[in-house]
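S.K.: Below you'll find the structure I mean.
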Amino acid sequence: MLTWEATGVGSHPGQDHLEAARVVFGEVPGLPYLPELPGRGVGADMIGRTAGLLIDLPVEVQPSGWRLTGRPGRDHQRAVDHLRRDLDGLEEVGHAYEGPLKVQVCGPWTLAGALELRHGDKVLSDHGAVRDLAESLAQGVADHVAEVRRRLPGVTEVVLQLDEPGLPGVLAGTVPTASGFGRLPAVEEWRVEESLRAFPSPIVHCCAPSVPYDVLRRAGVRGVSVDASLVRRRDEDAVGEAVEAGLLLFLGVVPGTDTRLPDVGVVAKPALELWRRLGFAAERLAEQVVLTPSCGLAGASPAYARVALAACRKAARVLSEDPEAGAAG
């Protein structure tokens, strides 16, 4: 039986990293995570935070966004400092914790579509540059995971989440060039599959339409994290094949911004109905489905962020305690 039940996607509102960590450990104790606070500014955003992990590929901020540069500067150091502060907070809040812990980083393809080369277009425009970026990121992530394990010796497993909201556009050839006047060519599926295999059993999060379930399944990822409201009927065959292959399904069932949340049975309903349509046994639902907010919580209020995580955890109990009754209701 999967004991994770529920977790968050990653980002939180505000600038208080200690409070964010307390909320995470308090509301989703089955699978807490290292929260991200992009509202703190440069270097705390998804791209900058992950770029700070790269090995031998320093970055800086230009008017057009993040760019590779010759040597580490102030912007790179800000990203490193934000993450170090977050790890300090994680260690303080979770020092006695024992169990699995999730960490999130931007995936190689979304990162390649956002970072610019030192003198030219986006990294995504150059296959060799993408390969170097993916290798650097894989090593940086390995070092990051080792640091988390060192700081929290009670962690039994570090679950890696790769955030890939840009992946559908990479595969479809809709990522704009650095100038914005053109589009970069579509990337072959085999390149994506090959690059993702460099990361240890990741959960791939994609809160965009047209999630490439088949590509991710062939890449051997551990699970897929999606917004349940964006799963269309035409996606369900691919979702079913992924589930049949043993992939975990992280389903976003509550909005990422403030709203009045319904009863937990209604929150659980998208997962229950999807499972019924897929035709899998009810007892497998709680073994392969983890409930989350639909995306990150950076745009929410701190109070709602806490409520949203609690709602996911409570709704997950519906899946595990009596899925047949929940489906019938």
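Using the working numbering, the letters of the sequence shown correspond one by one to residues 35 to 363.
Yeah, the Cβ is synthetic: ideal placement off N, Cα and C, and Gly gets one too.
Should the segment 190 to 200 be regarded as contacting the segment 271 to 279, the criterion being three or more beta carbon pairs within less than 8 Å?
M.R.: Too few Cβ pairs lie closer than 8 Å, so no.
S.K.: Quick check: the Cα distance between ARG369 and VAL301, rounded to an integer number of angstroms?
M.R.: Given that the chain is displayed from residue 35 to residue 363, the structure contains no residue 369 and the question cannot be resolved.
S.K.: Near GLY363, what residues of its chain come up, given a Cβ to Cβ distance below 7 Å and the 5 sequence neighbours on each side ignored?
M.R.: With a pLDDT of 42 at GLY363, under the threshold of 50, the predicted position of this residue should be treated as unreliable, though the coordinate-derived value follows. Counting only Cβ-Cβ distances below 7 Å, and skipping sequence neighbours, we find GLY299.
S.K.: Check each candidate in VAL323, HIS161, GLY60 and LEU117 and name the one with the smallest Cα separation from GLU388.
M.R.: Limits of the chain in this structure are 35 at one end and 363 at the other, which puts residue 388 out of reach.
S.K.: Measure from the alpha carbon of CYS140 to the alpha carbon of each residue in LEU171, ALA220, VAL95 and VAL57, then state which is nearest.
M.R.: Nearest option by C-alpha distance: LEU171.
S.K.: Across which residues does DSSP place SER259 in a beta bridge pair?
M.R.: For SER259, which the question treats as bridged, DSSP gives the partners HIS239 and PHE284.
S.K.: Distance check for GLN138 and GLY364, CA to CA, integer angstroms please.
M.R.: There is no way to answer for residue 364, as the model of the chain reaches only from 35 to 363.
S.K.: Count the CB pairs spanning the segment 337 to 349 and the segment 47 to 63 that are closer than 8 Å, and state whether there are at least three.
M.R.: Judged by Cβ distances under 8 Å, the segment 337 to 349 makes contact with the segment 47 to 63, as three or more pairs qualify.
S.K.: Could you tell me which residues DSSP pairs with GLN195 in its beta bridges?
M.R.: Paired residues: GLN138 and ILE237.
S.K.: Apply the 10 Å Cβ neighbour rule to GLY360 and answer buried if 16 or more other Cβ atoms are within range, or exposed otherwise.
M.R.: Low local confidence applies: a pLDDT of 45 at GLY360 is under 50, so the model's placement there is unreliable, with the coordinate-based value given in what follows. GLY360 is buried by the Cβ-count criterion.
S.K.: Do you know offhand how far PRO8's Cα is from PRO243's?
M.R.: Nothing in the structure corresponds to residue 8, since the chain is present only between 35 and 363.
S.K.: Just to confirm my understanding: we take THR211, look at its own chain, exclude 5 residues before and 5 after, and list those with CB closer than 8 Å. What are they?
M.R.: Cβ neighbours of THR211 beyond the five flanking positions: ASP155, LYS156, SER159, ARG217 and LEU218.
S.K.: How is VAL245 classed by DSSP in three states: helix, strand or coil?
M.R.: Three-state DSSP puts VAL245 in coil, outside helix and strand.
S.K.: From the DSSP output, read off the bridge partner residues of PRO327.
M.R.: Beta-bridge pairing links PRO327 to VAL288.
S.K.: Apart from the five residues on each side of it in sequence, which residues of its chain come closer than 7 Å, Cβ to Cβ, to VAL127?
M.R.: Hits under 7 Å: LEU52, ALA55, ARG56 and PHE59.
S.K.: Pull up the distance between the alpha-carbon of HIS116 and that of ALA332, whole angstroms please.
M.R.: Cα to Cα, the separation comes out at about 16 Å.
S.K.: When burial is assigned at 16 or more other CB atoms within 10 Å of the CB, is TRP224 buried or exposed?
M.R.: Flag for TRP224 reads exposed.
S.K.: In three-state terms, what does DSSP make of TYR67?
M.R.: DSSP places TYR67 in strand when its eight states are reduced to three.
S.K.: Can you tell which of GLY290, ASP297, LYS136 and ARG118 has the C-alpha that lies nearest to the C-alpha of TYR67?
M.R.: Among GLY290, ASP297, LYS136 and ARG118, the Cα nearest to that of TYR67 is on LYS136.
S.K.: So what does DSSP say about TRP309, is it helix, strand or coil?
M.R.: TRP309: helix per DSSP, three-state reduction.
S.K.: Spatial neighbours of GLY107 within its chain, please: CB distance less than 6 Å, with the 5 preceding and 5 following residues excluded, ordered by chain position.
M.R.: Cβ within range, chain order: GLU94.
S.K.: Rounding to the nearest angstrom, what Cα-Cα distance links ARG231 and ARG252 in this structure?
M.R.: C-alpha separation (whole angstroms): 10 Å.
S.K.: Here's the rule I'm using: 16 or more other beta-carbon atoms within 10 Å means buried, otherwise exposed. How should ASP197 be labelled?
M.R.: It is buried - the Cβ of ASP197 has at least 16 other Cβ atoms within 10 Å.
S.K.: With respect to the alpha helix (DSSP H) encompassing ARG185, which residues constitute its N-terminal and C-terminal limits?
M.R.: From DSSP, the alpha helix (DSSP H) with ARG185 extends over 161 to 185.
S.K.: As a quick exercise: from THR208, LEU88, THR37 and VAL245, pick the residue whose alpha carbon is nearest that of ARG268.
M.R.: Nearest option by C-alpha distance: VAL245.
S.K.: Please confirm whether SER328 and VAL287 have their CB atoms less than 9 Å apart.
M.R.: Contact flag set, yes.
S.K.: If I follow the unbroken alpha helix (DSSP H) through TRP224, where does it start and stop?
M.R.: 223 to 230 is the extent of the alpha helix (DSSP H) around TRP224.
S.K.: What's the gap between the Cα of GLY133 and the Cα of HIS153?
M.R.: About 45 Å.
S.K.: Is there a Cβ of chain C sitting closer than 9 Å to that of GLY99, yes or no?
M.R.: The structure shown contains no chain C; it holds only a single protein chain.
S.K.: Residues in its own chain within less than 8 Å of GLY73 by CB, not counting five upstream and five downstream?
M.R.: Counting only Cβ-Cβ distances below 8 Å, and skipping sequence neighbours, we find PRO47, GLY48, GLN49 and ALA332.
S.K.: Pull up the CB-CB distance for CYS148 and LEU167, whole angstroms please, since I reckon it's below 8 Å.
M.R.: According to the sequence as given, residue 148 is Ala; it is not Cys. Going by Cβ atoms, the distance from ALA148 to LEU167 rounds to 11 Å, so no, they are not a contact pair.
S.K.: Leaving out five residues before and five after GLY313 in sequence, what residues of the same chain have Cβ atoms less than 6 Å from its Cβ?
M.R.: Nothing meets the Cβ criterion.
S.K.: To the nearest whole angstrom, what separates the beta carbons of VAL249 and GLU228, a pair I think is in contact under 8 Å?
M.R.: Wrong, their Cβ atoms sit about 11 Å apart, outside the cutoff.
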